[in-house]
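Trainee: Attaching a single structure in structure tokens format; questions to follow.
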Amino acid sequence: MTVTNAVLQGVFLGAFYAVLACGLSIMFGVMRIINLAHGDVAVLGAYIVYVIVERTGVPAFVAFAVALPVMVLLGYVLQLTVLERSLKSGILTPLLATFGLSIVIQNLLQLVFSPDVRSLGGSAGSVTTASWQVTSGLSVSALGLLVLVVAVLLFAALQLFLSKTRAGWIMRATAEDADAAELAGIDSRSVYARATAIAVGIAALGGLFLGIRSVFDPVSGPTQLIFAFETVVIGGMGSLWGTLLGGIALGVAQTVGAQIHPQFAVMAGHLLFLAVLIVRFGGGRLVLRTA
Amino acid sequence: MTLLQVEALDCRYGLLQAVRGVSFDIAQGETLALIGANGAGKTTLLRAIAGAHRPATGRVWFAGADITHVPAHRRVELGIALVSEGRRLFPSLTVEENLRVASARRRGRWNVDTVLDVFPLLKPRRHMPAATLSGGEQQAVAIGRALMSNPRLLLLDEVSLGLAPVVVDAVYRSLGDVIGEGATVLLVEQDLTRALQVAGRVVCMLEGRVVLQGEAASLDRDRVVSAYFGLRRPA
Numbered sequence: 061m062t063v064t065n066a067v068l069q070g071v072f073l074g075a076f077y078a079v080l081a082c083g084l085s086i087m088f089g090v091m092r093i094i095n096l097a098h099g100d101v102a103v104l105g106a107y108i109v110y111v112i113v114e115r116t117g118v119p120a121f122v123a124f125a126v127a128l129p130v131m132v133l134l135g136y137v138l139q140l141t142v143l144e145r146s147l148k149s150g151i152l153t154p155l156l157a158t159f160g161l162s163i164v165i166q167n168l169l170q171l172v173f174s175p176d177v178r179s180l181g182g183s184a185g186s187v188t189t190a191s192w193q194v195t196s197g198l199s200v201s202a203l204g205l206l207v208l209v210v211a212v213l214l215f216a217a218l219q220l221f222l223s224k225t226r227a228g229w230i231m232r233a234t235a236e237d238a239d240a241a242e243l244a245g246i247d248s249r250s251v252y253a254r255a256t257a258i259a260v261g262i263a264a265l266g267g268l269f270l271g272i273r274s275v276f277d278p279v280s281g282p283t284q285l286i287f288a289f290e291t292v293v294i295g296g297m298g299s300l301w302g303t304l305l306g307g308i309a310l311g312v313a314q315t316v317g318a319q320i321h322p323q324f325a326v327m328a329g330h331l332l333f334l335a336v337l338i339v340r341f342g343g344g345r346l347v348l349r350t351a
Numbered sequence: 277m278t279l280l281q282v283e284a285l286d287c288r289y290g291l292l293q294a295v296r297g298v299s300f301d302i303a304q305g306e307t308l309a310l311i312g313a314n315g316a317g318k319t320t321l322l323r324a325i326a327g328a329h330r331p332a333t334g335r336v337w338f339a340g341a342d343i344t345h346v347p348a349h350r351r352v353e354l355g356i357a358l359v360s361e362g363r364r365l366f367p368s369l370t371v372e373e374n375l376r377v378a379s380a381r382r383r384g385r386w387n388v389d390t391v392l393d394v395f396p397l398l399k400p401r402r403h404m405p406a407a408t409l410s411g412g413e414q415q416a417v418a419i420g421r422a423l424m425s426n427p428r429l430l431l432l433d434e435v436s437l438g439l440a441p442v443v444v445d446a447v448y449r450s451l452g453d454v455i456g457e458g459a460t461v462l463l464v465e466q467d468l469t470r471a472l473q474v475a476g477r478v479v480c481m482l483e484g485r486v487v488l489q490g491e492a493a494s495l496d497r498d499r500v501v502s503a504y505f506g507l508r509r510p511a
């Protein structure tokens, strides 16, 4: 039963990774930007929720409803002011720009909040502690289930948006061929800004779950970025449902790895990530390029 | 009335100068063919008119306004639509979605239904991804997408490229309907005979310059051919 339980907990953990990775996947899929500040943006979202909770005493979920529009607006402005300019000068500049942004966010958070560790767990109500014992070795936590349900709803909503609405078609058209989209009368700048706004909003949701599940501090971002990045790669770059499945695969690998040895948890995830990289991009063989 | 005026336009790709001091204009309702060998600068000129290529110097006027610095998507709203070389559809979108993403700010007779009426071959393909269409069907979607914005000026870049002759005939028959309704058309065409048939006026480019222009009816074929290949420069 311990393995079954480990797999189940892995699915819950993986749903969290999928939420974290979703925004990363959108930005890569639409603009080919690898946002190295994505983890820090999620942590920034967690801090904004934390501040609202501290000041007003409302539950974390209510505070998130207030933080979300702030983060969405931030994403929109970020694209128009920083990323849009970096996109014009080649493929490496956005990477550098988001790397710089990552450092800026971390240091701003250090400055304002000190390096103390915080958590949103205490302000999220009974959902953090409630669980159901299915059998003796199998338990379902309310929080795990909540994250899984939210993740599935989120990906379903994005799927509907991209396949059923004109705004979604426009986003896919711009992702596939921005030049042709411009010639069809689509303002690609505004489409990009919307995509980043959505990505940053979803990153904030990931930050909320991070804060409720465990703890965060100003430099938590890069670790979250690594898990999110592995999720995107395992799931197939820029593929939406692949990202959800990739997150779950990573989560399961980590919890099953932890059954082998507690210290092996994160390493098991890394090994899965490497295996996927080798199989997908090496044609089944480990290819070492000389040129 | 002059609809489009191109004034001393220079276009560069880095050190390569693709268009050199080109000037010409198109009157409302006119059909003008741009001809010339590969690399003569026709596609670049069309992209500069559509706003997809920023010219180094020179001006583009449309309906009396200077649009040299207007971005491509705004020019679509003003009424300029380009059918790109190679069709450039959005492969994962269906035929209908490809049509409906195009700007619909301008009112006019074109919508999904009227486009499908002009290209009946697309009707059974309406809900299929563009990637699954044949070349001729894709070309019809590309033209349809341009029409969806109800353009005053339609720019067509090599619409017959890579298509079977029967399909080319069908595409041009449909275009005939569009042109017949008073649209202003600037088309790039490799097929000289067809260009001279469809267009009222012809502009021939060679190495980025206009080397010959005139009424299609008044130009004799030998002069066009020698301008086309640069055999001897016409005075």
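Going down the list, the protein sequences come from chains F and W. Convert by adding 60 to the 1-based position in the first sequence; the result is the number in the working numbering. Convert by adding 276 to the 1-based position in the second sequence; the result is the number in the working numbering. Even for Gly, the Cβ is constructed at its ideal location relative to N, Cα and C.
So is V347 of chain F buried or exposed if we call it buried at 16+ other beta carbons inside 10 Å?
Mentor: Along the first sequence, one-based indexing puts residue 347 of chain F at 287. At V347 of chain F the pLDDT is 45, less than 50, meaning the model places this residue with poor confidence; the figure from the coordinates comes in the next sentence. The residue is exposed, with fewer than 16 neighbouring Cβ atoms inside 10 Å.
Trainee: If you check the beta carbons only, do V336 of chain W and T344 of chain W fall under 7 angstroms apart?
Mentor: Counting from one through the second sequence, the residue named residue 336 of chain W turns up at place 60. Counting from one through the second sequence, the residue named residue 344 of chain W turns up at place 68. Yes, they are a contact pair.
Trainee: Where does I419 of chain W land, buried or exposed, given buried means 16+ other C-beta within 10 angstroms?
Mentor: The residue you call residue 419 of chain W lines up with position 143 of the second sequence. Buried.
Trainee: Over the uninterrupted beta strand (DSSP E) stretch that includes A78 of chain F, give me the two end residues.
Mentor: By one-based count along the first sequence, residue 78 of chain F stands at place 18. Counting along the chain, A78 of chain F falls outside any beta strand (DSSP E), though it belongs to the alpha helix (DSSP H) covering 62-91.
Trainee: Taking S274 of chain F as part of the beta strand (DSSP E), name the residues at either end of that continuous run.
Mentor: Against the first sequence, residue 274 of chain F aligns to sequence position 214. Here S274 of chain F belongs to no beta strand (DSSP E), and DSSP marks it neither H nor E.
Trainee: Would you check if the distance between the CB atom of A240 of chain F and the CB atom of R364 of chain W is smaller than 7 angstroms?
Mentor: The residue labelled residue 240 of chain F in the question sits at position 180 within the first sequence. The residue labelled residue 364 of chain W in the question sits at position 88 within the second sequence. Contact flag set, yes.
Trainee: In whole angstroms, what separates the C-alpha of P405 of chain W from that of V417 of chain W?
Mentor: The residue given as residue 405 of chain W occupies position 129 in the second sequence. The residue given as residue 417 of chain W occupies position 141 in the second sequence. Using only the alpha carbons, I get a separation of about 11 angstroms.
Trainee: Nearest-angstrom Cα distance between F366 of chain W and V63 of chain F?
Mentor: Along the second sequence, read from residue 1 onward, the residue named residue 366 of chain W stands at position 90. Along the first sequence, read from residue 1 onward, the residue named residue 63 of chain F stands at position 3. Going from the Cα of F366 of chain W to the Cα of V63 of chain F covers about 45 angstroms.
Trainee: Quick one: give me the first and last residue of the alpha helix (DSSP H) that L143 of chain F is part of.
Mentor: Your numbering for residue 143 of chain F matches position 83 in the first sequence. Element bounds for L143 of chain F: n/a, residue is neither H nor E.
Trainee: Please work out which residues of its chain come closer than 7 angstroms, Cβ to Cβ, to E218 of chain F, disregarding the five sequence neighbours upstream and downstream, and give them in chain order.
Mentor: Reading the first sequence from its first residue, position 158 is the one you call residue 218 of chain F. Per the sequence shown, the amino acid found at residue 218 of chain F is Leu instead of Glu. L300, listed in sequence order.
Trainee: Of all the options W:G315, W:T307, W:F300, which has the alpha carbon lying nearest to the alpha carbon of A284 of chain W?
Mentor: Within the second sequence, residue 284 of chain W is the residue found at index 8, counting from 1. Residue W:F300 is the option with its Cα nearest to A284 of chain W.
Trainee: Where DSSP assigns a beta bridge to A303 of chain W, which residues make up the other side?
Mentor: Residue 303 of chain W sits at position 27 when you count from the first residue of the second sequence. Looking at the DSSP assignment, A303 of chain W forms a beta bridge with W:T278.
Trainee: So is G117 of chain F buried or exposed if we call it buried at 16+ other beta carbons inside 10 Å?
Mentor: In the first sequence, the residue the question calls residue 117 of chain F occupies position 57. Looking at its Cβ environment, which holds fewer than 16 other Cβ atoms inside 10 Å, G117 of chain F is exposed.
Trainee: Provide the residue span of the beta strand (DSSP E) that contains D433 of chain W, from first to last.
Mentor: In the second sequence, counting from the first residue as 1, residue 433 of chain W sits at position 157. That run of the beta strand (DSSP E) goes 429-433.
Trainee: Could you check where the beta strand (DSSP E) with Q489 of chain W kicks off and where it finishes?
Mentor: Counting from 1 along the second sequence, the entry for residue 489 of chain W is found at position 213. Segment 485-491, the beta strand (DSSP E) holding Q489 of chain W.
Trainee: Going along chain F, which residues have a C-beta under 7 angstroms from H349 of chain W?
Mentor: Residue numbering aside, residue 349 of chain W sits at position 73 when the second sequence is read from its first letter. Those are E242, G245, I246, D247, listed as they occur along chain F.
Trainee: For the segment 401-431 of chain W, enumerate the residues whose C-beta is nearer than 7 angstroms to any C-beta of chain F, in chain order.
Mentor: R421, S425
Trainee: Put I151 of chain F into one of helix, strand or coil per three-state DSSP.
Mentor: Taking the first sequence and counting its residues from 1, the one referred to as residue 151 of chain F is at position 91. In the displayed model, I151 of chain F falls within coil according to three-state DSSP, outside both helix and strand.
Trainee: Would DSSP call V500 of chain W helix, strand or coil?
Mentor: Against the second sequence, residue 500 of chain W aligns to sequence position 224. DSSP places V500 of chain W in helix when its eight states are reduced to three.
Trainee: D237 of chain F CB to nearest chain W CB: under 7 angstroms?
Mentor: Along the first sequence, read from residue 1 onward, the residue named residue 237 of chain F stands at position 177. It does; some Cβ of chain W falls within 7 angstroms.
Trainee: Could you tell me whether the Cβ of A313 of chain F comes closer than 7 angstroms to any Cβ of chain W?
Mentor: The residue given as residue 313 of chain F occupies position 253 in the first sequence. Taking Cβ atoms only, chain W never reaches closer than 7 angstroms to A313 of chain F, which makes this a no.
Trainee: By the 10 Å Cβ neighbour count, where 16 or more other Cβ atoms means buried, how is N374 of chain W classified, buried or exposed?
Mentor: Sequence index remark: in the second sequence, residue 374 of chain W carries index 98 (1-based). N374 of chain W should be labelled buried.
Trainee: Would you say L463 of chain W reaches chain F, if we count a Cβ-Cβ gap shorter than 7 angstroms as a contact?
Mentor: Within the second sequence, residue 463 of chain W is the residue found at index 187, counting from 1. No - not a single Cβ of chain F is within 7 angstroms of the one on L463 of chain W.
Trainee: Kindly indicate the opening and closing residues of the beta strand (DSSP E) around M481 of chain W.
Mentor: Taking the second sequence and counting its residues from 1, the one referred to as residue 481 of chain W is at position 205. 477-482 is the extent of the beta strand (DSSP E) around M481 of chain W.
Trainee: Name the one or two DSSP bridge partners that L107 of chain F has.
Mentor: Position 47 of the first sequence, counted from the first residue, corresponds to residue 107 of chain F. Strictly speaking, residue 107 of chain F in this sequence is Tyr, with Leu absent from that position. Partner residues in a beta bridge of Y107 of chain F, as assigned by DSSP, do not exist.
Trainee: Helix, strand or coil: which one does DSSP assign to E457 of chain W?
Mentor: By one-based count along the second sequence, residue 457 of chain W stands at place 181. It is coil, neither helix nor strand.
Trainee: Could you tell me whether the Cβ of F301 of chain F comes closer than 7 angstroms to any Cβ of chain W?
Mentor: Taking the first residue of the first sequence as position 1, residue 301 of chain F is located at position 241. Note that residue 301 of chain F is Trp in the sequence shown, not Phe. False, the Cβ-Cβ gap to chain W never drops below 7 angstroms.
Trainee: Output the distance between the C-alpha atoms of D467 of chain W and P331 of chain W, rounded to the nearest integer angstrom.
Mentor: If you number the second sequence from 1, residue 467 of chain W lands on position 191. If you number the second sequence from 1, residue 331 of chain W lands on position 55. The alpha-carbon atoms of D467 of chain W and P331 of chain W are separated by roughly 27 angstroms.
Trainee: Quick check on I165 of chain F: does DSSP put it in helix, strand or coil?
Mentor: Within the first sequence, residue 165 of chain F is the residue found at index 105, counting from 1. Here I165 of chain F sits in helix by DSSP.
Trainee: List the whole-angstrom C-beta distance separating G307 of chain F from A78 of chain F, where the pair is believed to meet the contact cut-off of C-beta under 8 angstroms.
Mentor: What you label residue 307 of chain F is simply residue 247 of the first sequence in a count that begins at 1. What you label residue 78 of chain F is simply residue 18 of the first sequence in a count that begins at 1. Contact holds; Cβ gap of about 3 angstroms.
Trainee: Note down the Cα distance separating L280 of chain W from P400 of chain W, rounded to an integer number of angstroms.
Mentor: Mapped onto the second sequence, residue 280 of chain W falls at position 4. Mapped onto the second sequence, residue 400 of chain W falls at position 124. Spanning the alpha carbons of L280 of chain W and P400 of chain W requires a straight line of approximately 37 angstroms.
Trainee: Using a C-beta cutoff of 7 angstroms, does F366 of chain W count as contacting chain F?
Mentor: Within the second sequence, residue 366 of chain W is the residue found at index 90, counting from 1. Taking CB atoms only, F366 of chain W has a neighbour in chain F less than 7 angstroms away.
Trainee: Can you tell which of W:L507, W:S502, W:R381, W:V486 has its C-alpha closest to the C-alpha of A309 of chain W?
Mentor: As a first step, residue 309 of chain W must be located in the second sequence, where it is residue number 33. It is W:V486 whose Cα lies nearest to the Cα of A309 of chain W.
Trainee: Just to confirm, are I230 of chain F and V377 of chain W a CB contact at a threshold of 7 angstroms?
Mentor: Counted from its first residue, the first sequence places residue 230 of chain F at position 170. Counted from its first residue, the second sequence places residue 377 of chain W at position 101. Against a cut-off of 7 angstroms, the Cβ pair of V377 of chain W and I230 of chain F comes out as a contact.
Trainee: Could you compute how far the alpha carbon of L332 of chain F sits from the alpha carbon of S379 of chain W?
Mentor: Taking the first sequence and counting its residues from 1, the one referred to as residue 332 of chain F is at position 272. Taking the second sequence and counting its residues from 1, the one referred to as residue 379 of chain W is at position 103. Roughly 45 angstroms separates the two Cα atoms.
Trainee: For G327 of chain W, which residues of its own chain have a beta-carbon under 7 angstroms away from its beta-carbon, when the five flanking residues on both sides are left out?
Mentor: Here residue 327 of chain W is taken as the residue at index 51 of the second sequence, counted from 1. Around G327 of chain W: V346, P347, A348, R351.
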